[in-house]
Amino acid sequence: MYSFLRIIRFALQDIVRNIGLSFMTIFVLVLMLLSINTLLFLRLVTNEATTSIRDQIDVSFYLSPEATASEIDEVYTYIASLPEVTQATFLSQEEVLANFRILYHDNENILASLEELTENPLGATIVVKTKDPADYVTVINDLNVPEYETIVESKTFTDTQGAIQKIDIITTNVEHFSFALTVFFAIISFLIIFNTIRVAIYTQRIEISIKKLVGATNWFVRGPYVVESVVFSVISVGIAMSLAYTSTGFLDQYLGVVLGDPQFLTNYYVSHILSLAGIQFGIVFFLTLISSMLAMRRYLRT
Amino acid sequence: MIHLTSVSKQYTADSVGLADVDLSIEAGEFVSIVGQSGTGKTTLIKLLIAEEKPTSGQIEIGGWDISRIRQSDVPLLRRQIGVIFQDFKLLPKKTVRENVAFALQVAGEPHKRIKDIVPRVLEIVGLGPKMERYPHQLSGGEQQRVVIARSLVHRPKIIVADEPTGNLDSINTQEIMEILKKINEFGTTIVLVTHNRDIVNQLRKRVVVLQDGKIISDEQHGKYHLSATAV
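As given, the protein sequences belong to chains A and B, one line each in that order. So for the first sequence, my numbering puts the first residue at 8; every next one is plus one. So for the second sequence, my numbering puts the first residue at 322; every next one is plus one.
In structure tokens form, the structure reads like this:
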């Protein structure tokens, strides 16, 4: 118990008495954490943006105006039962006509033509959304059967196919790039932290050997560095998360317009604050601890 | 107290630290180890504090065979031997009081005992009023007295001093030697490694001369000379 309390006291003394070194270590850790937070923001925004674009894509099946209610019902039930389909919205002839009028409200010629007609020329429509943009092809193929040929008049798929493929390529590339960036940052972070800690330990190598010479055990020498790792991790995570949280408010002003949620990043940060703090603390503590243990090993041999 | 039996230390094929050394030092003795540079004096010190292990032979300290000491037992050995170095080896970011207290803290001594004993030991070496200073605020002689206080504080049976006056002027050298003689009078065994002819001659205590890793002279009331007169 005495030893444990002494180790904590020695660690706090070391932090204060080596204030320059402590400041430099915390500064590097904060920079690394800000890089991680930037990467996190980037992933969040790209994920949200691609999800948002994917959500806006759907395939509409325009049914023949002559189709009977039972035929329409059969097609709708069939589409809704497909495993790839997440949402199938049925629009009746009247709803389609109303939407059409809204769409062309400023085109007098079209509206006048409609007035001339005694019957609704537009058929009902089924708007389909799938789990993945690639699933649209499957759904279209499933409906390309002779029984439905006369019922399903047209599909909008051909119009959106190119867009879907492009989005698929973009999102896949973004994911690959994001993963590569994460690996790159992880390696760089480890090297920076390892070297920072190694320099810190190197400057204290004589002290370490003196401690050993007067009879300190390896644990008694290492202990303060473990406590210092905890303190540095807590302080750096606190500073980095405060800065990151402040920047979410600033970034949300611009991202809100694109993503449709004026507090997208802030909400995410607040709702995940504990897990984010825990993960970041874990990463920093693990890296500083491993680095200090590796760097110190050679000086403990005396 | 200290027994070396056929101890050799070979660093490389053509670098010999000690060669087949037999040496016995009894409790309460004051032994000066002299010899030219590179004759094995520092190797001997390193072997006594288990900083090095002998290539062959046996080293016994207080009945404890430390020839093949386990790494985990080294701290226990060092807490029983006070060590004084030429370059002081003080912790620069700790005050005089903290440096001396550290030797007790590593041994897990209670706070109250440390608080009682450290100021007393510092008074003995004449550093009571300077106990809150840092090493860089002290003179060389004062720093060496801090080291002596640190080596004394856990009441070791043996003190090993490797050129303790090597960085000091003659006045400080005399002071340090007086302190070491006093410590020896209280029954502590002292092993002194030195180049200083005057202090060895003034001591008129046992002198062991090393040459090429071997003992070439061992006199009970010897003087400083680097040629073999008695073995």
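Cβ coordinates follow ideal geometry from the N, Cα and C atoms, glycine included.
Amino acids of chain B, ordered along the chain, whose beta-carbon sits closer than 7 Å to that of residue i
{"i": "residue 24 (chain A)", "result": "414"}
Residue burial classification, residue i (beta-carbon count within 10 angstroms, cutoff 16)
{"i": "residue 165 (chain A)", "result": "Any reading at residue 165 (chain A) must be qualified, since the residue scores a pLDDT of 49, below 50, and its modelled position is unreliable; no value is offered."}
{"i": "residue 152 (chain A)", "result": "exposed"}
{"i": "residue 32 (chain A)", "result": "buried"}
{"i": "residue 325 (chain B)", "result": "buried"}
{"i": "residue 402 (chain B)", "result": "buried"}
{"i": "residue 475 (chain B)", "result": "buried"}
{"i": "residue 528 (chain B)", "result": "buried"}
{"i": "residue 30 (chain A)", "result": "exposed"}
{"i": "residue 394 (chain B)", "result": "exposed"}
{"i": "residue 256 (chain A)", "result": "exposed"}
{"i": "residue 494 (chain B)", "result": "buried"}
{"i": "residue 550 (chain B)", "result": "At residue 550 (chain B), the pLDDT of 49 sits below 50, so the modelled position is not reliable and the matter cannot be decided from this model."}
{"i": "residue 269 (chain A)", "result": "exposed"}
{"i": "residue 75 (chain A)", "result": "exposed"}
{"i": "residue 219 (chain A)", "result": "buried"}
{"i": "residue 44 (chain A)", "result": "buried"}
{"i": "residue 470 (chain B)", "result": "buried"}
{"i": "residue 375 (chain B)", "result": "buried"}
{"i": "residue 503 (chain B)", "result": "exposed"}
{"i": "residue 436 (chain B)", "result": "exposed"}
{"i": "residue 27 (chain A)", "result": "exposed"}
{"i": "residue 23 (chain A)", "result": "exposed"}
{"i": "residue 360 (chain B)", "result": "buried"}
{"i": "residue 280 (chain A)", "result": "exposed"}
{"i": "residue 176 (chain A)", "result": "exposed"}
{"i": "residue 391 (chain B)", "result": "exposed"}
{"i": "residue 261 (chain A)", "result": "exposed"}
{"i": "residue 210 (chain A)", "result": "exposed"}
Same chain only: Cβ atoms within 7 Å of residue i, ignoring 5 sequence neighbours per side
{"i": "residue 407 (chain B)", "result": "483, 484, 485, 487, 488"}
{"i": "residue 134 (chain A)", "result": "65, 67, 96, 98"}
{"i": "residue 457 (chain B)", "result": "413"}
{"i": "residue 297 (chain A)", "result": "none"}
{"i": "residue 40 (chain A)", "result": "243, 244, 247, 287, 291"}
{"i": "residue 259 (chain A)", "result": "269, 270, 271, 272, 273"}
{"i": "residue 442 (chain B)", "result": "421, 470, 473, 474"}
{"i": "residue 157 (chain A)", "result": "71"}
Proximal residues of chain B, C-beta to C-beta of residue i below 8 Å
{"i": "residue 214 (chain A)", "result": "412, 413, 414"}
{"i": "residue 217 (chain A)", "result": "410, 411, 412"}
Contact set between residue i and chain A, taken where Cβ atoms lie within less than 9 Å
{"i": "residue 426 (chain B)", "result": "9, 10, 13, 17, 223, 227"}
{"i": "residue 456 (chain B)", "result": "Simply none; closest approach about 11 Å."}
Residue i: contacting residues in chain A (beta-carbon distance under 7 Å)
{"i": "residue 400 (chain B)", "result": "222"}
{"i": "residue 404 (chain B)", "result": "220"}
{"i": "residue 471 (chain B)", "result": "221"}
{"i": "residue 396 (chain B)", "result": "222, 223, 224"}
{"i": "residue 423 (chain B)", "result": "221"}
Rounded distance between the beta-carbons of residue j and residue i, thought under 8 Å
{"i": "residue 380 (chain B)", "j": "residue 368 (chain B)", "result": "6 Å"}
{"i": "residue 423 (chain B)", "j": "residue 221 (chain A)", "result": "6 Å"}
{"i": "residue 466 (chain B)", "j": "residue 500 (chain B)", "result": "7 Å"}
{"i": "residue 512 (chain B)", "j": "residue 346 (chain B)", "result": "7 Å"}
{"i": "residue 189 (chain A)", "j": "residue 46 (chain A)", "result": "6 Å"}
{"i": "residue 137 (chain A)", "j": "residue 91 (chain A)", "result": "5 Å"}
{"i": "residue 1 (chain A)", "j": "residue 271 (chain A)", "result": "Residue 1 (chain A) cannot be examined here, being either before or after the span of chain A that is shown, 8 to 309."}
{"i": "residue 70 (chain A)", "j": "residue 132 (chain A)", "result": "7 Å"}
Bridge partners - residue i, DSSP secondary structure assignment
{"i": "residue 527 (chain B)", "result": "B:352"}
{"i": "residue 333 (chain B)", "result": "B:336"}
{"i": "residue 69 (chain A)", "result": "A:132, A:161"}
{"i": "residue 381 (chain B)", "result": "B:324, B:386"}
{"i": "residue 514 (chain B)", "result": "B:354, B:483"}
{"i": "residue 405 (chain B)", "result": "B:482"}
{"i": "residue 540 (chain B)", "result": "B:528"}
{"i": "residue 51 (chain A)", "result": "Beta-bridge pairing links residue 51 (chain A) to no other residue."}
{"i": "residue 342 (chain B)", "result": "B:328"}
{"i": "residue 94 (chain A)", "result": "A:136"}
{"i": "residue 535 (chain B)", "result": "B:532"}
Chain-order list of residues whose beta-carbon lies under 6 Å from that of residue i (same chain, five-residue window excluded)
{"i": "residue 354 (chain B)", "result": "362, 514, 529"}
{"i": "residue 388 (chain B)", "result": "375, 379, 380"}
{"i": "residue 438 (chain B)", "result": "none"}
{"i": "residue 337 (chain B)", "result": "331, 534"}
{"i": "residue 479 (chain B)", "result": "402, 510"}
{"i": "residue 340 (chain B)", "result": "329, 534, 535"}
{"i": "residue 371 (chain B)", "result": "387, 390, 395, 398"}
Partner residues on chain A for residue i, Cβ-Cβ distance less than 8 Å
{"i": "residue 439 (chain B)", "result": "Per Cβ cutoff of 8 Å: no residues; residue 439 (chain B) is ~14 Å from chain A at best."}
Contacting residues, own chain, Cβ-Cβ under 8 Å from residue i (five flanking each side not counted)
{"i": "residue 101 (chain A)", "result": "127"}
{"i": "residue 208 (chain A)", "result": "215, 232, 299, 302, 303, 306"}
{"i": "residue 111 (chain A)", "result": "117, 118"}
{"i": "residue 497 (chain B)", "result": "462, 465, 466, 469, 485, 486, 489"}
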